[in-house]
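For the sequence shown, our numbering gives the first residue as 17, with consecutive numbering after it. Cβ coordinates follow ideal geometry from the N, Cα and C atoms, glycine included. Single-structure report; data block below.
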Amino acid sequence: MVSLNSLAKGAGLLYFGTAVDNPSLSNSAYTAIAFNSSEFGQITPANGQKWDSVEPSQNTFNYANGDAITTKAQAAGQILRCHNLVWYNQLPSWVSGGSWTTSTLQSVITTHITNEVTHYKGKCYAWDVVNEALDDSGNYRTDVFYNILGTSYIPFAFNAAAAADPSAKLYYNDYNIEYAGAKLTAAINIVKGIQSAGVKIDGVGLQGHFIVGSTPSKASLISALQSFTALGVEVAYTELDVRQSSVPASASAQQQQATDYVTVVSACLSVKDCVGVTVWDFDDQYSWVPSTFSGSGEADLWSSNLVKKPAYTSIASFLKSAATAPGATATSSLTTAASTITTSVTTAPSITSAPATTAAVGTIGHWNQCGGQGFASAGACASPYTCSTINTYYAQCL
Ligand code: XIL
């Protein structure tokens, strides 16, 4: 079938995914595409898991918006990227404007993370634990977390997430880290800082909010991805869109957009440990771009009336051409990728014990990882689920 996720998996990725937001759930033409696992193998709730949605006032938790999306994704057999736990934005004023001491703010973070990660325990392939800790110059944002706790809030948050769901992959997620610059260097230092604190970090999410004609070159994208994977973490493009600076876009601007999308997808395919690509919604009607970048738009793969654009067709063609025969190049690069992950798991103390918790025979829960190269445990799915291979290095109890 010529659908993005099927083709992406054939080319060696774990998934091709999309963000989905709550308002679009009432559009049945939209949901028929969003929750079609041949098209999208992975879903990220666009807003429903953010702090203002989940804990709008202290100790009052509301999972309705997140669950409305995650239950549909689960029913469709789609992987979840869960987004996000600690971010300066969409943060309720009771947190940002509170008068905290070190210990009271640590307690607020622990309570929030423990509740939310426990609610979704076993369901999230990955969590974006800390989002956008860096400003556009690559300095730490002077938000409430940094102002009270300094950089220590970052490993602190990862530690709390690891304790609440040992099987979720824990990511740092940011934008403008997709190419060389002060911000990429600072993000690399965040990963190193978490690792040197002995705390588990599994991945870096590169958001990938690009502009048609100004998307970084494939070589510079690959180089940035590799600067993270060299540290033993996996990477993914987590929020890809390529916006038009002026709309409506001409035919040639749409072709350039197609080229730019393919550049990004092909960069991911070129790097072992780049596990997948997520578009930040797939349909212009629900894109965040026009309301955020004035005058820009048409950033997604489908038009606002759900017609596929040249970018869709070009990605599909590219993925088809990159499809690997069994035993071909991508398979061997995945093998290497998995052993890299294994190494990082064994060296980080907090992760070493994690798989054991979930690995007892017959106790791995629904949606949990149960196998794949680099998965350091031997266990079985709890009844009535069976361990289904998703790809070389990921099997899930389904
Ligand atoms: C955006 C959502 O798409 C919008 O609906 C919301 O109004 C603002 O946030 N980086 C992120 C995402 O990590 O959470 C943001 O999502 C886009 C930028």
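Using a Cβ-Cβ cut-off of 6 Å (strictly less than) and excluding sequence neighbours within five positions of residue i, which residues of its own chain qualify?
i	result
asparagine 81	Asn38, Gly64 and Ser69
proline 306	Gly313
aspartate 300	Glu314, Asp316, Ser319 and Ser320
threonine 126	Ala176
leucine 335	Leu23, Ala24 and Ala27
Indicate the three-state DSSP secondary structure (helix, strand or coil) for residue i in the structure shown.
i	result
phenylalanine 41	Note that residue 41 is leucine in the sequence shown here, rather than phenylalanine. Helix at leucine 41.
glutamate 148	coil
alanine 35	strand
isoleucine 125	helix
leucine 96	strand
alanine 235	helix
serine 404	strand
leucine 317	coil
glutamate 55	coil
aspartate 190	strand
aspartate 297	coil
glutamate 71	coil
alanine 80	helix
proline 326	helix
Taking buried to mean at least 16 other C-beta atoms within 10 Å of its own C-beta, is residue i buried or exposed?
i	result
valine 377	Residue confidence for valine 377 is low, a pLDDT of 48 falling below 50, so the modelled location carries little weight; the figure read from the coordinates is stated next. Label assigned to valine 377: exposed.
threonine 373	Its pLDDT being 31, under 50, threonine 373 is placed unreliably in this model, and the value from its coordinates should be taken loosely. The residue in question, threonine 373, is exposed, as its Cβ has fewer than 16 Cβ neighbours within 10 Å.
aspartate 152	exposed
threonine 245	buried
glutamine 270	buried
alanine 235	exposed
valine 18	exposed
threonine 356	Note on threonine 356: pLDDT 30, under 50, position unreliable in the model; the coordinate value appears next. Buried, because 16 or more other Cβ atoms sit within 10 Å of the Cβ of threonine 356.
asparagine 105	exposed
serine 44	exposed
glutamine 260	buried
glycine 229	exposed
threonine 60	buried
Are the CB atoms of residue j and residue i within a distance shorter than 9 Å?
i	j	result
serine 112	aspartate 144	no
glycine 209	threonine 254	no
leucine 285	leucine 30	no
glycine 132	glutamate 71	Sequence check: residue 132 is glutamate here, not glycine. Contact: yes.
tyrosine 136	leucine 322	no
serine 40	aspartate 316	no
valine 220	phenylalanine 174	no
aspartate 190	valine 249	no
lysine 216	alanine 178	yes
threonine 201	valine 280	no
glutamine 58	tyrosine 141	yes
lysine 66	asparagine 100	yes
glycine 26	alanine 252	no
leucine 121	tyrosine 195	no
valine 36	lysine 88	yes
lysine 325	alanine 398	no
Going along the chain, which residues of its own chain have a beta-carbon closer than 7 Å to the beta-carbon of residue i, five neighbours each way excluded?
i	result
tyrosine 277	Val258, Ala327, Ser330 and Ile331
To which residues of the same chain is residue i closer than 8 Å at the C-beta, ignoring the five residues directly before and after it?
i	result
alanine 198	Ser153 and Gly154
asparagine 78	Ser69, Val70, Glu71 and Pro72
threonine 118	Ile164 and Leu165
serine 243	Leu200 and Ile204
Which partner residues does residue i have in the DSSP bridge list?
i	result
alanine 267	None, per the DSSP bridge assignment.
threonine 60	Ala35
histidine 225	Asp257
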